[in-house]
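Notes to accompany the following structure.
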Amino acid sequence: MIDAADLPDDVAALKAMIIASDGREQRHQDRIVRLEKLVADFRRVLFGSKSERVDPEQFELALEDIEAATEAIQAEEEADDQQATGKPRPRKANRGALPKHLPRIEEVIEPESTVCGCGAERHVIGEDVSERLDVIPAQFRVVVTRRPKYACRSCEEGIAQAPAPAHLIPGGMPTEATIAHVIVSKYADHLPLYRQAQIYSRQGIDLDRSTLAAWVGRAGFELRPVFDALMADLKRSGKLFMDETVAPVLDPGRKKTKTGYFWALARDDRSWGGDDPPGVAFTYAPGRSGQYAEDILKGFAGTLQVDGYAGYNRLLKRQGNTIRLAHCWAHARRKLFEVAKSGKATPIADDGLIQIQALYRIEKDIRGQCPEDRKAARQERSKPLVGQMENWLKENRARVSAKSPIGEALNYISKYWAGLTEFLDDGRVEMDSNSVERTIRPIALNRKNALFAGHDAGAQNWAILASMIETCKMNAVDPHAWLTRTLTAIANGHKQSNISSLMPWSYTADV
Numbered sequence: 311m312i313d314a315a316d317l318p319d320d321v322a323a324l325k326a327m328i329i330a331s332d333g334r335e336q337r338h339q340d341r342i343v344r345l346e347k348l349v350a351d352f353r354r355v356l357f358g359s360k361s362e363r364v365d366p367e368q369f370e371l372a373l374e375d376i377e378a379a380t381e382a383i384q385a386e387e388e389a390d391d392q393q394a395t396g397k398p399r400p401r402k403a404n405r406g407a408l409p410k411h412l413p414r415i416e417e418v419i420e421p422e423s424t425v426c427g428c429g430a431e432r433h434v435i436g437e438d439v440s441e442r443l444d445v446i447p448a449q450f451r452v453v454v455t456r457r458p459k460y461a462c463r464s465c466e467e468g469i470a471q472a473p474a475p476a477h478l479i480p481g482g483m484p485t486e487a488t489i490a491h492v493i494v495s496k497y498a499d500h501l502p503l504y505r506q507a508q509i510y511s512r513q514g515i516d517l518d519r520s521t522l523a524a525w526v527g528r529a530g531f532e533l534r535p536v537f538d539a540l541m542a543d544l545k546r547s548g549k550l551f552m553d554e555t556v557a558p559v560l561d562p563g564r565k566k567t568k569t570g571y572f573w574a575l576a577r578d579d580r581s582w583g584g585d586d587p588p589g590v591a592f593t594y595a596p597g598r599s600g601q602y603a604e605d606i607l608k609g610f611a612g613t614l615q616v617d618g619y620a621g622y623n624r625l626l627k628r629q630g631n632t633i634r635l636a637h638c639w640a641h642a643r644r645k646l647f648e649v650a651k652s653g654k655a656t657p658i659a660d661d662g663l664i665q666i667q668a669l670y671r672i673e674k675d676i677r678g679q680c681p682e683d684r685k686a687a688r689q690e691r692s693k694p695l696v697g698q699m700e701n702w703l704k705e706n707r708a709r710v711s712a713k714s715p716i717g718e719a720l721n722y723i724s725k726y727w728a729g730l731t732e733f734l735d736d737g738r739v740e741m742d743s744n745s746v747e748r749t750i751r752p753i754a755l756n757r758k759n760a761l762f763a764g765h766d767a768g769a770q771n772w773a774i775l776a777s778m779i780e781t782c783k784m785n786a787v788d789p790h791a792w793l794t795r796t797l798t799a800i801a802n803g804h805k806q807s808n809i810s811s812l813m814p815w816s817y818t819a820d821v
């Protein structure tokens with residue numbers, strides 16, 4: 311409220327004040343409209359119909375822009391208020407706390423004078439302390455290694471000198487930490503090598519993209535035994551996930567790209583408290599034939615959770631088959647969702663979606679329990695619902711055309727019914743294969759930035775390094791720290807017999 315005593319007596323000044331107030335009010339209303347539009351945009355991005363929603367990778371980018379625009383409008387409002395009142399708004403407190411391990415650079419701001427008006431010296435009775443996050447752009451430094459030579463003045467017995475330390479790239483420029491930084495920037499942060507070369511150039515370091523590529527290639531070669539050990543460890547498990555995603559690869563002879571695939575073999579037992587650590591191994595193959603899946607899975611015996619790709623069926627036909635297939639309810643649900651979205655035969659599709667949702671609610675309740683308890687809960691609570699859904703499936707398949715959209719969705723569910731119900735009898739099995747799909751998303755995002763791999767061999771190198779990065783992330787391990795230590799250990803002749811100590815889940819950070 312404005313005090314009447316603060317109003318000017320001059321009519322012209324009073325008019326100017328009223329006009330300014332009206333202008334501020336109009337700007338305030340305009341900002342409210344803009345903020346409401348931003349909220350609507352956010353809701354559409356998050357909750358809109360599937361045609362309006364963005365994919366998971368683009369969602370974060372859209373959200374960043376909306377949040378930045380919201381803050382800009384709020385800053386405009388604060389500036390307007392300060393101009394009107396002459397007082398700044400109270401500052402916002404930092405959300406969260408800054409980590410204790412970060413170095414602190416302290417600055418003490420003293421008043422111009424500590425002498426009181428009475429002439430006495432004031433003394434400290436307290437202080438206000440604030441912390442802000444500061445950043446120094448990536449600092450490059452040169453490690454200079456000197457190896458003095460010593461000779462005896464009394465004889466000629468030769469020269470004493472320490473041996474040169476081992477490096478991953480003998481005689482090369484980068485330290486193992488630098489190579490790790492390039493790999494993490496490319497495969498975890500999705501920064502192509504040519505962009506990294508531009509960043510180095512801004513620091514006055516001229517490095518060709520081909521030089522960075524050579525470092526990455528050498529690291530991929532040296533990490534191959536670790537990758538092989540990871541793959542072997544995964545295949546000793548009794549329950550794995552498998553999925554595949556497109557990998558465009560340059561075909562130099564034809565001057566175009568060809569379609570290859572990254573096959574992901576993943577283990578994630580955290581939902582039922584398994585002892586084996588999570589991990590994922592990617593393998594590049596020039597095609598999608600089930601033969602590639604069979605080759606990758608040689609030596610594996612157990613339950614494999616997959617989507618509805620028919621190529622996996624050949625695994626059930628191989629001699630001495632020791633693999634059981636568990637299929638994915640998320641894919642079955644997706645078929646019904648597409649029908650529901652189209653508006654055709656919606657009651658049937660809606661009913662199916664409701665039944666699947668009920669199963670997922672049970673899964674949410676038992677997440678984290680041991681396999682035995684999960685199985686018992688599923689037998690008691692989920693199995694009757696699945697039985698009802700089986701009857702519903704048979705009845706509706708008899709009522710609709712097999713070639714209609716809803717008919718095709720129901721046929722898909724019926725075709726994979728045995729695999730879809732596998733989770734009822736095995737507490738280790740999930741209802742869906744979302745775990746492995748999450749590990750593939752970074753591959754897809756990196757593919758968007760790099761467009762395609764340069765060669766089959768390059769794609770396999772990509773697969774090895776991506777396996778290491780994603781397994782680190784699944785185990786909450788800093789990929790840069792793990793790569794630095796592992797590449798250093800390899801350069802120093804780490805023994806193959808002790809390769810298990812190099813697994814990402816065996817890494818412990820320096821205190």
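Its first residue numbered 311, the sequence shown is counted upward by one per residue in our numbering.
Every residue, glycine too, gets a C-beta built ideally from N, C-alpha and C.
Requested in this report: Would you kindly work out how many angstroms separate the C-alpha atoms of GLY427 and ARG451, rounded to a whole number?
Outcome: What you label residue 427 is simply residue 117 of the sequence shown in a count that begins at 1. What you label residue 451 is simply residue 141 of the sequence shown in a count that begins at 1. Going from the Cα of GLY427 to the Cα of ARG451 covers about 52 Å.
Query - Beta-carbon spacing of ILE750, TYR497 below 8 Å - result: If you number the sequence shown from 1, residue 750 lands on position 440. If you number the sequence shown from 1, residue 497 lands on position 187. No.
Requested in this report: Provide the residue(s) that pair with ALA557 in DSSP beta bridges, ordered along the chain.
Outcome: Position 247 of the sequence shown, counted from the first residue, corresponds to residue 557. Answer by DSSP bridge pairing, in chain order: GLY570.
Query - With 16 other Cβ atoms within 10 Å as the buried cut-off, status of GLY589 - result: Position 279 of the sequence shown, counted from the start, is the residue given in the question as residue 589. GLY589 should be labelled buried.
**Report entry** PHE610 (DSSP reduced to helix, strand or coil)
**Finding:** Walking along the sequence shown from the start, residue 610 turns up at place 300. PHE610 falls in the coil class under three-state DSSP.
Query - Integer Cβ distance of GLU532 from ILE800, believed to fall under 8 Å - result: By one-based count along the sequence shown, residue 532 stands at place 222. By one-based count along the sequence shown, residue 800 stands at place 490. Contact flag correct, Cβ pair sits at about 5 Å.
Query - C-alpha distance - ASP499 paired with SER810, whole-angstrom precision - result: If you number the sequence shown from 1, residue 499 lands on position 189. If you number the sequence shown from 1, residue 810 lands on position 500. In a straight line, the C-alpha of ASP499 is about 27 Å away from that of SER810.
Report task. Taking MET483 as the reference, give the member of GLU718, ALA524 and TYR571 with the closest Cα. Result -> As a first step, residue 483 must be located in the sequence shown, where it is residue number 173. Considering only alpha carbons, the answer is ALA524.
Report task. For SER743, count neighbouring C-beta atoms within 10 Å of its own C-beta (all shown protein chains included) and say buried if the count is 16 or more, exposed if not. Result -> The sequence position of residue 743 within the sequence shown is 433, counting from 1. The residue in question, SER743, is buried, as its Cβ has 16 or more Cβ neighbours within 10 Å.
**Report entry** At least 3 beta-carbon pairs within less than 8 Å: the stretch 605 to 621 vs the stretch 535 to 549
**Finding:** yes
Requested in this report: For PRO814, count neighbouring C-beta atoms within 10 Å of its own C-beta (all shown protein chains included) and say buried if the count is 16 or more, exposed if not.
Outcome: One-based indexing of the sequence shown puts residue 814 at position 504. Classification for PRO814: buried.
Query raised in the report: Between which two residues does the beta strand (DSSP E) carrying TYR594 extend?
Result: Translated into the one-based positions of the sequence shown, residue 594 becomes position 284. Segment 589 to 595, the beta strand (DSSP E) holding TYR594.
Query - C-alpha gap between VAL696 and ILE774, whole angstroms - result: Translated into the one-based positions of the sequence shown, residue 696 becomes position 386. Translated into the one-based positions of the sequence shown, residue 774 becomes position 464. Near 40 Å, if we compare the C-alpha coordinates of ILE774 and VAL696.
**Report entry** Cβ-Cβ distance between TRP582 and PRO681 below 8 Å
**Finding:** To locate residue 582, count along the sequence shown from 1; it is residue 272. To locate residue 681, count along the sequence shown from 1; it is residue 371. For TRP582 and PRO681, yes; Cβs fall inside 8 Å.
Report task. Please confirm if the stretch 631 to 649 is in contact with the stretch 718 to 734, defined as three or more CB-CB distances below 8 Å between the two stretches. Result -> yes
Query raised in the report: Whole-angstrom Cβ separation of SER692 and LEU669, contact assumed at under 8 Å?
Result: For this step, residue 692 is matched to residue 382 along the sequence shown. For this step, residue 669 is matched to residue 359 along the sequence shown. Confirmed, about 6 Å.
Query raised in the report: What does MET552 pair with, by DSSP beta-bridge criteria?
Result: Position 242 of the sequence shown holds residue 552. DSSP, once it has assigned bridges, lists LEU575 as partnering MET552.
Query raised in the report: Cβ atoms of ARG528 and TYR504: under 8 Å apart, would you say?
Result: Along the sequence shown, read from residue 1 onward, the residue named residue 504 stands at position 194. Along the sequence shown, read from residue 1 onward, the residue named residue 528 stands at position 218. No.
Requested in this report: Name the residue from TYR594, ASP579 and PRO596 whose alpha carbon lies nearest to the alpha carbon of THR613.
Outcome: Counting from 1 along the sequence shown, the entry for residue 613 is found at position 303. Here the closest residue by C-alpha is ASP579.
Query raised in the report: According to DSSP, is GLN615 helix, strand or coil?
Result: To locate residue 615, count along the sequence shown from 1; it is residue 305. Of the three classes helix, strand and coil, the one that applies to GLN615 here is strand, per DSSP.
Query - Status (buried if at least 16 other CB within 10 Å, exposed otherwise) for GLN615 - result: Mapped onto the sequence shown, residue 615 falls at position 305. Under this definition GLN615 is a buried residue.
**Report entry** Residues near SER599 in its chain [Cβ-Cβ closer than 7 Å; skip 5 each side]
**Finding:** The residue given as residue 599 occupies position 289 in the sequence shown. Within the same chain, SER599 has close Cβ partners GLY621.
Query raised in the report: Just curious, the alpha helix (DSSP H) that ALA523 is in, first and last residue?
Result: What you label residue 523 is simply residue 213 of the sequence shown in a count that begins at 1. Run containing ALA523: 519 to 532, per the alpha helix (DSSP H) assignment.
Query raised in the report: Excluding sequence positions up to five away, which residues of its chain have a Cβ less than 6 Å from the Cβ of LYS685?
Result: If you number the sequence shown from 1, residue 685 lands on position 375. Excluding sequence neighbours, LYS685 sits near GLY737.
Query raised in the report: Buried or exposed: which applies to ARG577, given that a residue is buried once 16 or more other Cβ atoms fall within 10 Å of its Cβ?
Result: As a working mapping, residue 577 is identified with position 267 in the sequence shown. So ARG577 ends up on the buried side.
Query raised in the report: What's the call for GLU417, buried or exposed, on a 16-neighbour Cβ count within 10 Å?
Result: As a working note, residue 417 is residue 107 in the sequence shown. GLU417 comes out exposed.
Query raised in the report: What does a CB cutoff of less than 6 Å around LYS645 pick up in its chain, not counting 5 residues either side in sequence?
Result: Position 335 of the sequence shown, counted from the start, is the residue given in the question as residue 645. Answer for LYS645: ALA719 and TYR722, listed in chain order.
Query raised in the report: Any Cβ of chain B within less than 8 Å of the Cβ of GLY600?
Result: Of the protein chains in this structure there is only one, and it is not chain B.
Query raised in the report: By DSSP, does ILE469 sit in helix, in strand, or in coil?
Result: Here residue 469 corresponds to residue number 159 of the sequence shown, with the count starting at 1. In the structure shown, ILE469 sits in a strand (DSSP, three-state: E or B).
Query raised in the report: Cβ of VAL492 within 8 Å of Cβ of PRO789?
Result: The residue given as residue 492 occupies position 182 in the sequence shown. The residue given as residue 789 occupies position 479 in the sequence shown. No, these two residues do not count as a Cβ contact at 8 Å.
Query raised in the report: Between the C-alpha atoms of LEU478 and THR488, what's the straight-line distance to the nearest angstrom?
Result: The residue you call residue 478 lines up with position 168 of the sequence shown. The residue you call residue 488 lines up with position 178 of the sequence shown. Each residue's Cα considered, the two are about 11 Å apart.
Requested in this report: Kindly identify the DSSP beta-bridge partner or partners of GLU431.
Outcome: Stepping through the sequence shown from its first residue, residue 431 is reached at position 121. In the DSSP output, where bridge partners are listed per residue, GLU431 has VAL425.
Requested in this report: Would you tell me roughly how many angstroms separate the C-alpha atoms of SER807 and SER816, rounded to the nearest one?
Outcome: Position 497 of the sequence shown, counting from 1, holds the residue named residue 807. Position 506 of the sequence shown, counting from 1, holds the residue named residue 816. So the two alpha carbons sit approximately 15 Å from each other.
Requested in this report: Return the chain-ordered list of same chain residues with a C-beta closer than 8 Å to the C-beta of ARG456, the five sequence neighbours on each side being excluded.
Outcome: Taking the sequence shown and counting its residues from 1, the one referred to as residue 456 is at position 146. Same-chain partners within the cutoff: there are none.
Query raised in the report: Measuring CB to CB, does ILE658 end up less than 8 Å from ASN701?
Result: The residue given as residue 658 occupies position 348 in the sequence shown. The residue given as residue 701 occupies position 391 in the sequence shown. No, these two residues do not count as a Cβ contact at 8 Å.
Query - Bridge partners - ILE633, DSSP secondary structure assignment - result: In the sequence shown, counting from the first residue as 1, residue 633 sits at position 323. Its beta-bridge partners are GLY612.
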